[in-house]
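There are 2 protein chains.
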Amino acid sequence: MSDAADPPAPRRTYDALLSDIEAGLGSGQLRLGDRLTGERALAEKYGISRASVREAVRILDVMGILQVPTNAGPKSGPVIVSNPSLGFSAALRFHLAAKRLPVADIVETRILLETWAARNAPERAELAGLEEARALLEAMDAPGLDPEEFHGLDARFHVALSRLGGNAVVETLMEALGSSISGYIREAMEAAGGSPEVLDDLKSQHHAIFDAVRDGDRQAAADMIQGHVSWLHDRAR
Amino acid sequence: MSDAADPPAPRRTYDALLSDIEAGLGSGQLRLGDRLTGERALAEKYGISRASVREAVRILDVMGILQVPTNAGPKSGPVIVSNPSLGFSAALRFHLAAKRLPVADIVETRILLETWAARNAPERAELAGLEEARALLEAMDAPGLDPEEFHGLDARFHVALSRLGGNAVVETLMEALGSSISGYIREAMEAAGGSPEVLDDLKSQHHAIFDAVRDGDRQAAADMIQGHVSWLHDRAR
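Quick note, the sequences are listed as chains G and S, same order.
The opening position of the first sequence corresponds to residue 436 in our numbering, with each subsequent residue numbered one higher.
The opening position of the second sequence corresponds to residue 436 in our numbering, with each subsequent residue numbered one higher.
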């Protein structure tokens, strides 16, 4: 076989703790909002140092599985949460920086996911589902918006639209990609020298996409999303 | 706006270290294969404890950005690697356990990515690109294979095919999903009670998909992948 066997999974002192948390989540013994046992008790139970427990907790914190209270009293352990996009975003950002995931491939994947979501949105997108996208669209129309703020609203607008596809994994991947590609959106806008024409084009494309989704014209929405994302990526190059 | 502002990013003692590594990767100052400065020097530079440095290193280890040598001498710092799928897989597995990412949505996303890759494979898949898929196909035909081993080969076969689409992000997401869904593949096979008929169906579907990809019949390959993945998911329910 051309490919060697998978590398052996490295063993860490806290691996048993991580496995038990994963198993607890799977069996329902651990639920969202539950507080983890204190650091000292966990260290004793697994026969590992408190520093090792802390490492495991930080890893789950970065993955968006645990939330560590900032002003931790002796009894306030970390809380089980589920923020799937956090772990993805963090991992994606680093790998993008390491240039192993080319921007062009991220853009192509984003188009694949967003157009799928548009084609799978409800025939006439229900008002509740569209409310957030509409609010973001209006917020982006405010004159004199700070560029950073605009990029943030822009990314959230695309995530809000992709949520209409009704697939939690697609939505999560879009959130992760969204925060990873804010870099090239920024570059595109800077390359345009803050030109008001480019910003106006961008806004009117958003409005056209929103209108198509609202009217249930799903293929048109998908086509416009493809054109819009490609157009923006071309400007950043 | 219906949605509140994003939660503020929590600050950790090692945040500056993580940011500098990300920036170093982005600027090219840090390259794959480079060894990170020793723990003590990093602790001094950032004015944090050695335990904090260790936490940051573990986080990057879990994300597949650093590889920590197992028998670490005093001078052997962690090495910069880039294993994008590691971080995704780990995060996905936990969130899947927390039931926030339903299996049906993962299956649907997998079909979306795999069929895209099949439709975007070279007209007649080049022999080099197909070599790994062919070797995996042959390995799965071996009689009396251990079920665990079969599932591993199965997952790698699908990743090898999705690589032909030529998009590193799609391939990475497929790797991540592949390791997350091995659970339901196992359930499907157990539900079938190890029936040789089901295993034979599975194998002949793999062969038909491979033949279509090899012959450049991309739409047929995409259709068969969709049928194959759905069929397997149905058996697990």
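Every residue, glycine too, gets a C-beta built ideally from N, C-alpha and C.
Residue i: which of the options sits nearest, CA to CA?
i                      : options                       : result
residue 525 of chain S : G:563, G:536 and G:450        : G:450
residue 600 of chain S : S:581, S:573, S:633 and S:555 : S:555
residue 492 of chain G : G:575, G:512 and G:641        : G:512
residue 671 of chain S : S:458, S:642 and S:627        : S:627
residue 639 of chain G : G:624, G:657, G:658 and G:663 : G:663
residue 543 of chain S : S:457, S:532, S:608 and S:562 : S:608
residue 631 of chain G : G:504, G:580 and G:605        : G:580
residue 481 of chain S : S:499, S:462, S:453 and S:465 : S:453
residue 634 of chain S : S:560, S:578 and S:540        : S:578
residue 533 of chain S : G:666, G:495 and G:561        : G:495
residue 562 of chain G : G:590, G:648 and G:499        : G:648
residue 461 of chain G : S:592, S:537 and S:665        : S:537
Going along the chain, which residues of its own chain have a beta-carbon closer than 6 Å to the beta-carbon of residue i, five neighbours each way excluded?
i                      : result
residue 514 of chain G : 470 and 502
residue 567 of chain G : 595
residue 488 of chain S : 474, 477 and 478
residue 459 of chain G : 465
residue 564 of chain S : 599
residue 657 of chain S : 550, 553 and 554
residue 558 of chain G : 651
Per DSSP, what kind of secondary structure is residue i in: helix, strand or coil?
i                      : result
residue 444 of chain G : Model confidence at residue 444 of chain G stands at a pLDDT of 48, short of 50, so the residue's coordinates are unreliable; what they give is reported in the following sentence. In the structure shown, residue 444 of chain G sits in coil (DSSP, three-state: anything other than H, G, I, E or B).
residue 501 of chain S : strand
residue 515 of chain S : strand
residue 470 of chain S : strand
residue 528 of chain S : helix
residue 556 of chain G : coil
residue 564 of chain G : helix
residue 481 of chain S : helix
residue 438 of chain S : Because the pLDDT of residue 438 of chain S is 37, which lies under 50, any placement of that residue in the model is unreliable, and the number read from its coordinates should be weighed accordingly. Correct three-state label for residue 438 of chain S: coil.
residue 464 of chain S : coil
residue 587 of chain S : helix
residue 455 of chain G : helix
residue 628 of chain S : coil
residue 580 of chain S : coil
residue 656 of chain G : helix
residue 650 of chain G : coil
residue 522 of chain G : helix
residue 662 of chain G : helix
residue 476 of chain G : helix
residue 533 of chain G : coil
residue 637 of chain S : helix
Residue i CB to nearest chain G CB: under 9 Å?
i                      : result
residue 604 of chain S : yes
residue 537 of chain S : yes
residue 457 of chain S : yes
residue 495 of chain S : yes
residue 541 of chain S : yes
residue 490 of chain S : yes
residue 608 of chain S : yes
residue 547 of chain S : yes
residue 517 of chain S : yes
residue 656 of chain S : no
residue 671 of chain S : no
Leaving out the 5 sequence neighbours to the left and right, which residues in its chain are closer than 7 Å to residue i when beta-carbon positions are compared?
i                      : result
residue 621 of chain S : 586
residue 611 of chain S : 520, 523, 524 and 527
residue 551 of chain G : 600 and 605
residue 574 of chain G : 588
Are any of the Cβ atoms in chain S nearer than 9 Å to that of residue i?
i                      : result
residue 624 of chain G : no
residue 483 of chain G : no
residue 665 of chain G : no
residue 533 of chain G : yes
residue 597 of chain G : no
residue 472 of chain G : no
residue 477 of chain G : no
residue 447 of chain G : yes
residue 467 of chain G : yes
Skipping 5 residues on each side, what residues in its chain have a beta carbon closer than 8 Å to that of residue i?
i                      : result
residue 569 of chain S : 645
residue 643 of chain S : 659
residue 517 of chain G : 467, 499 and 500
Report the neighbours of residue i on chain B: residues whose CB is nearer than 8 Å to its CB, in chain order.
i                      : result
residue 529 of chain S : In summary, chain B is missing from the structure at hand, where the protein chains are G and S.
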